[in-house]
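Residue numbers (this note's numbering): 685 to 1550.
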């Protein structure tokens, strides 16, 4: 049987049932808000990751753009050198480039150079002028048929760019397009991607161009710019070296690619950090970044051109973006909701006492709220009230607005609302300050903290409050206070501290001496490098001032001071005085500024250049001595060569008479001798005399060849080859031969010497094919690429007996043979003479062959030598 409920127990039971219902409702609401909180936290983490990635992309974009445009600073400095001088010599340009810190300030720049526009008809005069300007070996590679050339006049450092001086950059279509664009606009221009010669291999890069016009002109049209053009300053820029600094800046948090143009296609890809697009062809789009959490595209502006930067997140970045906070928040919220439901159910049994306490607390809170509103009226701060025992917090609209929310979005508000929006690193300090205040150690709770804004950023706030009510057991019951946004103040203080620390370290660690002075010469401050430079302490430098540090007799001081007063800055060289009385040459730059008291001051940067000036003087002295030694040695070598030539000619000439006599008397003896052995010996004597005669004739020809003066003119090699082959075929009319001679081969050379070359090469081909059933000889031309220049190679090819390439080194030596004289007669000096003739024409000769597979003799003709 069921127990009857008395009327007295019914209210209690109803209250218990109501408490259970409220506990269930609290549990359901808590779980719902926990789910919403988990979703919000997860979304906030993703938003923060996107914001952090966007900031990194912005920094990377600015970094890459600055690195690509860095050469423009050096080019404008070089343009200033041209603007300040009527004629810039090679040494002056070299001194300017050496004053730059290429590796530090211009990463990826191979050097700075100057392009001269030279008409093809004026090429000879231009080369002569350059050889007179400290470049005796200067020459121009004049490829193509354009009427004008853009020749690299000089480039520094020359040691790293030795292949560029004299090169016609206008011969390359991409570089000429950039040159024409620079002349058309008169502005700095970045070329499209080109291949730059390197130490071990070619690298992708650009060429930055800046046209330089005559001082005093202001051309506004392309025609006027061409008329006023002095030349173009240029700087080769290696993409790999430029981007290496950007790679270090992202610290493994981002992967990026650079495309040469506004479109992202595989053929425009010039830099790929991780190489994941190496096998891609055609258009590059979002599908190629499907495995990346985030990616973005930015436009890079450099030298009037637009390049495209693709940036995507890496595994390291995505690992940092992952956070266990949503899971922890879900578990904590569920536990707190369950705890809250249990608390509500327990409190339901003593509802009457709770209602009474709630009424007292309501009256107290109303009183405190009125007092607080009176205190903060007219201010721009948020207010809060915290029931320390229940965790409930009452906020106003300004409190919610500081972190980007409306008050309704934060309801229901509790202490977890505050803690959830606070930076995790600040919570421990906040809890410690609260405990100190609760213990009575501090009169107020006062704390600067970071809170997460609705848009994902962190804002700085100043939280102040105090306990306004205590429980019977002296525990905090109510606490109220204010919340103030101090983000701008914190950011300003942080920026100021960072700036001051940066300049302090720069000032203290600089290897150059730095002085801070007044316009009257008073020394205010000096860095350690300046004290070491002068050998004095800061107090001694202040005591001496400018007049005690600069040589009184140096007339360069006053013009520098006048220029600084007029322009605000100046640079010069001065003779300075150390503490021990010794002098030293100093390179100085100074600029004016206003201090905190709005008084004029000056920064003076000093560098000791005594050693550099001594080295320059020593180099000049050594160069003069070297030139004198070279002249003396050249005269000695010329005299020795003349003596050797005369000796060889005399020996060859004097040997001819006795050899002729021996041959003649051997013929007479042959008629008189009837003994077979005697006839055999006389035949061997005649053969030896004939060989000695051939060697003597070859020696005489070698001597005469060295004495012949070159007379270059237009020579038809095709006609000479046909004439030689006609003579050879007449001598061996019974041989079956297939002769192929390419037509219209005209060169500038000495006609007599070139005929000797063709007679020797074609004669050898005819001789060594004598044992073939069908003689095959051809003469033609082919182009061989040497770097970016095509070189003309002439080739004589046959199907003769050939030779082993292991013995090819003997071919062009005097009196060296690869075949027996019995098989193929000859003196062994023909090819040696041919090598000398080709060398005097500025060319080279070489051979390729295999035994039984014929031979190929190739030669080139460059500039002739006298």
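Yeah, the Cβ is synthetic: ideal placement off N, Cα and C, and Gly gets one too.
- May I have the straight-line CA-CA distance separating residue 1233 from residue 1262, to the nearest angstrom? Spanning the two alpha carbons is a distance of roughly 7 angstroms.
- Output the distance between the C-alpha atoms of residue 1170 and residue 732, rounded to the nearest integer angstrom. Distance from the CA of residue 1170 to the CA of residue 732, rounded to the nearest whole angstrom, comes to 21 angstroms.
- Query: Skipping 5 residues on each side, what residues in its chain have a beta carbon closer than 8 angstroms to that of residue 1036?
  - Reply: Low confidence applies to residue 1036: its pLDDT is 47, below 50, so where it sits in the model is not reliable enough to give any reading.
- Could you give the DSSP three-state label for residue 782: helix, strand or coil? Look at residue 782 here: in three-state DSSP terms it is helix.
- Query: For the beta strand (DSSP E) that residue 943 lies in, which residues bound it at each end?
  - Reply: The continuous beta strand (DSSP E) containing residue 943 extends over residues 938-943.
- Query: Beta carbon of residue 822, beta carbon of residue 854: below 8 angstroms?
  - Reply: Contact: no.
- N-terminal and C-terminal residue of the alpha helix (DSSP H) that residue 1071 is part of: Segment 1066-1071 is the beta strand (DSSP E) holding residue 1071; no alpha helix (DSSP H) there.
- Item | Whether residue 834 touches residue 801 by CB criterion (8 angstroms) | In contact: residue 834 and residue 801 (Cβ atoms closer than 8 angstroms).
- Task: Tell me residue 654's beta-bridge partners as DSSP assigns them.
- Result: The first residue shown for the chain is 685 and the last is 1550, placing residue 654 beyond what the model contains.
- Using a Cβ-Cβ cut-off of 8 angstroms (strictly less than) and excluding sequence neighbours within five positions of residue 756, which residues of its own chain qualify? Excluding residues within five positions, the ones whose Cβ falls inside 8 angstroms are 872, 892, 894, 987.
- Item | Contained beta strand (DSSP E) runs [length at least 3] in the stretch 1271-1324, N- to C-terminal order | Taking only runs of at least 3 residues, the beta strand (DSSP E) segments lying wholly in the stretch 1271-1324 are 1284-1292.
- Taking the CB atoms as reference points, tell me whether residue 921 and residue 792 lie closer together than 8 angstroms. Cβ atoms of residue 921 and residue 792: closer than 8 angstroms.
- Environment of residue 1154 [buried if 16+ CB atoms lie within 10 Å]: Classified as exposed, residue 1154 has fewer than 16 neighbouring CB atoms from the shown chains inside 10 Å of its CB.
- Counting pairs of Cβ atoms below 8 angstroms between the stretch 859-877 and the stretch 988-995, do you hit three or more? They touch, by the three-pair rule.
- Cβ distance (whole Å) where residue 1203 is taken to contact residue 1284 below 8 angstroms: Indeed they touch by this definition, with Cβ atoms about 5 angstroms apart.
- Item | Length of the line joining the Cα atoms of residue 907 and residue 1400 | Taking the straight line joining both Cα atoms gives about 42 angstroms.
- Query: Is the Cβ of residue 982 closer than 8 angstroms to any Cβ of chain D?
  - Reply: Note that chain D does not occur in the displayed structure, where there is just one protein chain.
- Spatially closest choice to residue 1474 from 826, 776, 712, by CA coordinates: The shortest Cα separation from residue 1474 among 826, 776, 712 belongs to 826.
- Item | Spatially closest choice to residue 1240 from 707, 938, 1273, 1162, by CA coordinates | Per the Cα distances, 1273.
- Task: For the stretch 741-758 and the stretch 1132-1143, state whether three or more C-beta atom pairs, one from each stretch, are separated by less than 8 angstroms.
- Result: Verdict: no, contact absent.
- Task: Could you say if the stretch 730-746 and the stretch 972-982 meet the contact criterion of at least three C-beta pairs nearer than 8 angstroms?
- Result: With the cut-off at 8 angstroms, the stretch 730-746 and the stretch 972-982 touch.
- Query: Where in the stretch 1080-1117 do unbroken runs of the alpha helix (DSSP H), each at least 4 residues long, occur, reported from the N-terminal end onward?
  - Reply: Runs of the alpha helix (DSSP H) inside the stretch 1080-1117: 1081-1086, 1099-1105.
- Message: Here's the rule I'm using: 16 or more other beta-carbon atoms within 10 Å means buried, otherwise exposed. How should residue 745 be labelled?
- Response: Within 10 angstroms of the beta-carbon of residue 745 lie 16 or more other beta-carbons, which makes it buried.
- Are at least three pairs of beta-carbons, each pair with one atom in the stretch 927-936 and one in the stretch 715-730, less than 8 angstroms apart? Result no; under three Cβ-Cβ pairs closer than 8 angstroms.
- Task: Starting from residue 1422, follow its DSSP beta bridges and name the residues at the other end.
- Result: Answer by DSSP bridge pairing, in chain order: 1460.
- Task: Look up residue 1156 in the DSSP assignment and say whether it is helix, strand or coil.
- Result: Secondary structure of residue 1156 (DSSP, three-state): coil.
- Message: So, at 7 angstroms on beta carbons, what are the nonlocal neighbours of residue 701 in its own chain, with the 5 sequence-adjacent residues on each side left out?
- Response: There are no such residues.
- Message: In the DSSP output, what is residue 1144 paired with across the bridge?
- Response: DSSP, once it has assigned bridges, lists 1134 as partnering residue 1144.
- Message: Can you tell me where the beta strand (DSSP E) holding residue 801 begins and where it ends?
- Response: Run containing residue 801: 796-803, per the beta strand (DSSP E) assignment.
- Item | Rounded C-alpha distance that separates residue 902 from residue 1230 | So the alpha carbons of these two residues sit roughly 41 angstroms apart.
- Query: So what's residue 1506 in DSSP terms, helix, strand or just coil?
  - Reply: Per-residue confidence for residue 1506 stands at a pLDDT of 48, beneath the threshold of 50, marking its modelled position as unreliable; the derived number appears in the next sentence. Taken through DSSP and simplified to helix, strand or coil, residue 1506 comes out as coil.
- State the CB to CB distance for the pair residue 1429 and residue 1480, rounded to an integer number of angstroms; the pair is presumed to be in contact (CB under 8 angstroms). Actually they are not in contact, since the Cβ atoms of residue 1429 and residue 1480 sit about 12 angstroms apart, beyond 8 angstroms.
- Task: Take residue 1225 as the anchor and find which of 1207, 1313, 914, 1145 has the nearest alpha-carbon.
- Result: The residue with the shortest Cα to Cα distance from residue 1225 is 1207.
- Task: Classify residue 1463 as buried or exposed, calling it buried when 16 or more other Cβ atoms lie within 10 Å of its own Cβ.
- Result: The residue in question, residue 1463, is buried, as its Cβ has 16 or more Cβ neighbours within 10 Å.
- Task: Look up residue 879 in the DSSP assignment and say whether it is helix, strand or coil.
- Result: Three-state DSSP puts residue 879 in a strand.
- Going along the chain, which residues of its own chain have a beta-carbon closer than 8 angstroms to the beta-carbon of residue 1013, five neighbours each way excluded? Excluding sequence positions up to five before and after residue 1013, its CB lies within less than 8 angstroms of the CB of 718, 721, 722, 725, 1104, all in the same chain and listed in chain order.
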